[in-house]
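Enquirer: At the far end of the sequence shown sits residue 395, using the numbering used here, and the numbering has no gaps. Glycine included, every Cβ here is placed at the ideal spot set by N, Cα and C. Every value quoted in this text rests on a predicted model; they were computed, and no experiment measured them. What follows is a single structure, and I will ask about it in a moment.
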Amino acid sequence: MRSRPLPVMLLLALMASPTFAHATRTVDEVVAEVRRATEPYRDIARARADGFVQISGMEARHGYHFINVNSPVLTATGMATGQLELARPPMLLYVERDSVWRLVGVEYALPAAPVPNPLPGASWHWHEASCHYRDYQELPARRGPDCPPRHPQSGEPFVLWHPAFAVAHVWAWHENPDGVFAEENRALAAYGGSPPRPHGHRAPRSEPELAYSQFTHRFAGGVLLLLAAVIAWESRHRRPRPWSWVSSVLWILFGLYLIPTSDPESWPAGPGRFVDIFTDSLVLQHKALAMVPIAFGVVGILRSAGVIERVRRTVLVPVLAVLAGVSLFVHFHDGHFHLDAIYVQHAAMGATAVGAGVMLFLARHTPRGEALMRWAWPGFLALLGLILLVYVEM
2 MRSRPLPVML LLALMASPTF AHATRTVDEV VAEVRRATEP YRDIARARAD GFVQISGMEA
62 RHGYHFINVN SPVLTATGMA TGQLELARPP MLLYVERDSV WRLVGVEYAL PAAPVPNPLP
122 GASWHWHEAS CHYRDYQELP ARRGPDCPPR HPQSGEPFVL WHPAFAVAHV WAWHENPDGV
182 FAEENRALAA YGGSPPRPHG HRAPRSEPEL AYSQFTHRFA GGVLLLLAAV IAWESRHRRP
242 RPWSWVSSVL WILFGLYLIP TSDPESWPAG PGRFVDIFTD SLVLQHKALA MVPIAFGVVG
302 ILRSAGVIER VRRTVLVPVL AVLAGVSLFV HFHDGHFHLD AIYVQHAAMG ATAVGAGVML
362 FLARHTPRGE ALMRWAWPGF LALLGLILLV YVEM
């Protein structure tokens with residue numbers, strides 16, 4: 002998969018239930034808890050190591066915004082429990098001068114201002130739905146498909162869209178003349194703001210793009226490990242329908258998930274048109290690869306239902322596995338070959354997929370081919386899942 006933007010699903014994870022896990026505290030208690038939780042992040046290297054990535058330039062009187070996309074953001078906001086934990090702010094605010102970064106505060110986001118207000122005296126502010134670009138500039142838009150594919154001034158590509166949400170700040174690490182929960186901090190005026198990047202000066206891939214690419218690879222790895230386990234369970238005994246369709250349904254759902262998420266700036270979720278898929282080789286490759294698990298699922302259901310013969314299934318599945326694996330050997334992020342860590346990881350995935358396909362072919366010509374497929378097929382899937390699960394974007 003290509004290094005791609007942070008999608009709206011990660012930003013939506015910022016907006017958990019508009020309640021906090023604990024009762025309302027005093028201002029001093031809020032500041033004290035935020036400081037206890039974020040003390041390690043006064044060292045920006047520690048914040049980066051724990052999954053915080055930059056998602057904005059220097060915004061005047063605000064600072065640089067860093068979002069926690071580790072696992073992704075879900076544990077940072079308490080999304081799993083439906084509560085936003087005060088001790089786990091999803092965003093950190095920094096300022097920088099002479100390459101020295103200073104933590105100044107945190108930011109919370111919810112789909113609406115909470116009632117009752119968990120931050121005593123705080124005023125929650127509305128952030129409009131916006132398109133974000135690689136150089137961290139923004140444009141208002143009601144939907145992701147309404148965003149221009151490139152920023153009209155800088156020419157930088159679209160990275161993400163988020164809906165409107167309510168935000169509140171806690172200036173726990175820098176004095177604010179207007180109060181600890183004020184929307185802006187006048188005391189940061191001396192740090193200015195980042196000027197727009199001139200048109201034609203291309204920015205490198207942003208931290209959200211790298212983080213999202215790593216997340217999508219690892220999520221795919223987890224799904225493949227699940228599929229390997231389900232297929233091994235199905236293979237132990239002949240399962241009656243609908244239990245014989247479990248892995249097939251998972252394959253189809255996996256492919257349907259990959260179509261919009263592998264390239265969220267493209268059709269159907271982003272500003273790209275359907276025809277644009279065919280002008281970007283990587284996007285086209287991702288969409289084609291997403292069709293492979295869908296095909297696996299459809300073939301599995303038809304085979305289980307007796308619509309197609311086993312021999313046809315045995316041919317089609319290995320052919321698709323081999324073709325998908327070979328495509329990963331020509332999977333280049335910037336359009337040409339680089340022998341780097343990214344390529345080596347994709348080559349390992351490709352070799353595993355090709356090995357799985359070849360194994361399925363050979364199994365047709367061995368006396369114990371059925372037993373070989375019963376264990377080798379989920380084994381190769383598990384190996385591929387493990388490679389994806391430890392994938393590192395660099």
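1) For G307, count the other beta carbons within 10 Å of its own beta carbon; 16 or more makes it buried, fewer makes it exposed. Which is it?
2) When you compare only the Cα positions, how much space is there between E394 and V35?
3) For W234, which three-state DSSP category applies?
4) So, does the region 276-294 touch the region 236-243, judging by three or more C-beta pairs under 8 angstroms?
5) Between which two residues does the alpha helix (DSSP H) containing A173 stretch?
6) Round the Cβ separation of P158 and E266 to the nearest angstrom and send it over; I've been treating them as touching at under 8 angstroms.
7) Can you give the Cα-Cα distance for V74 and F216, rounded to whole angstroms?
8) To the nearest angstrom, how far is the alpha carbon of V181 from that of W172?
9) Where does V316 land, buried or exposed, given buried means 16+ other C-beta within 10 angstroms?
10) Between the Cα of V299 and those of A88, V105 and V318, spot the shortest distance and give me the residue it belongs to.
11) Around the C-beta of T27, are 16 or more other C-beta atoms found within 10 angstroms, so that it is buried, or is it exposed?
12) Tell me whether the beta-carbon of I331 lies closer than 7 angstroms to the beta-carbon of V355.
13) Tell me, please, which residues DSSP counts as bridged to P141.
14) Please report the residue range of the alpha helix (DSSP H) in which H287 lies.
15) Per DSSP, what kind of secondary structure is M59 in: helix, strand or coil?
16) Should the region 110-120 be called in touch with the region 33-49, which here means at least 3 C-beta pairs below 8 angstroms?
17) Indicate whether S305 and W246 have their beta-carbon atoms separated by less than 7 angstroms.
18) Report the CB separation of R135 from V160 in whole angstroms; it is logged as a contact under 8 angstroms.
Expert: On the basis of the supplied data:
1) As a position in the sequence shown, residue 307 is number 306, starting the count at 1. G307 should be labelled exposed.
2) As a working note, residue 394 is residue 393 in the sequence shown. As a working note, residue 35 is residue 34 in the sequence shown. In a straight line, the C-alpha of E394 is about 30 angstroms away from that of V35.
3) Here residue 234 is taken as the residue at index 233 of the sequence shown, counted from 1. It is helical.
4) no
5) Within the sequence shown, the letter at position 172 stands for residue 173. Unbroken run through A173: none, as it is neither H nor E.
6) Here residue 158 corresponds to residue number 157 of the sequence shown, with the count starting at 1. Here residue 266 corresponds to residue number 265 of the sequence shown, with the count starting at 1. That pair is a contact at about 7 angstroms.
7) Here residue 74 corresponds to residue number 73 of the sequence shown, with the count starting at 1. Here residue 216 corresponds to residue number 215 of the sequence shown, with the count starting at 1. For V74, the predicted structure reports a pLDDT of 40, less than 50, and the residue's modelled location is therefore unreliable. A value from the coordinates is still provided. Rounded to the nearest angstrom, the two C-alpha atoms are 11 angstroms apart.
8) Sequence index remark: in the sequence shown, residue 181 carries index 180 (1-based). Sequence index remark: in the sequence shown, residue 172 carries index 171 (1-based). Whole-angstrom Cα-Cα distance: 5 angstroms.
9) In the sequence shown, the residue the question calls residue 316 occupies position 315. With fewer than 16 Cβ atoms within 10 Å of its Cβ, V316 is classed as exposed.
10) As a working note, residue 299 is residue 298 in the sequence shown. Closest by alpha carbon: V318.
11) Residue mapping note: residue 27 aligns to position 26 of the sequence shown, counting from 1. T27 should be labelled exposed.
12) As a first step, residue 331 must be located in the sequence shown, where it is residue number 330. As a first step, residue 355 must be located in the sequence shown, where it is residue number 354. The sequence given here places Val at residue 331; Ile does not occur at that position. Not a contact, by the Cβ cut-off of 7 angstroms.
13) As a working note, residue 141 is residue 140 in the sequence shown. BP columns for P141 point to S131.
14) Within the sequence shown, residue 287 is the residue found at index 286, counting from 1. First-last of the alpha helix (DSSP H) with H287: S282 to S305.
15) Here residue 59 corresponds to residue number 58 of the sequence shown, with the count starting at 1. Coil.
16) no
17) As a position in the sequence shown, residue 305 is number 304, starting the count at 1. As a position in the sequence shown, residue 246 is number 245, starting the count at 1. In this structure, W246 lies closer than 7 angstroms to S305 by Cβ.
18) Taking the sequence shown and counting its residues from 1, the one referred to as residue 135 is at position 134. Taking the sequence shown and counting its residues from 1, the one referred to as residue 160 is at position 159. Yes, R135 and V160 are in contact; Cβ-Cβ is about 5 angstroms, under 8 angstroms.
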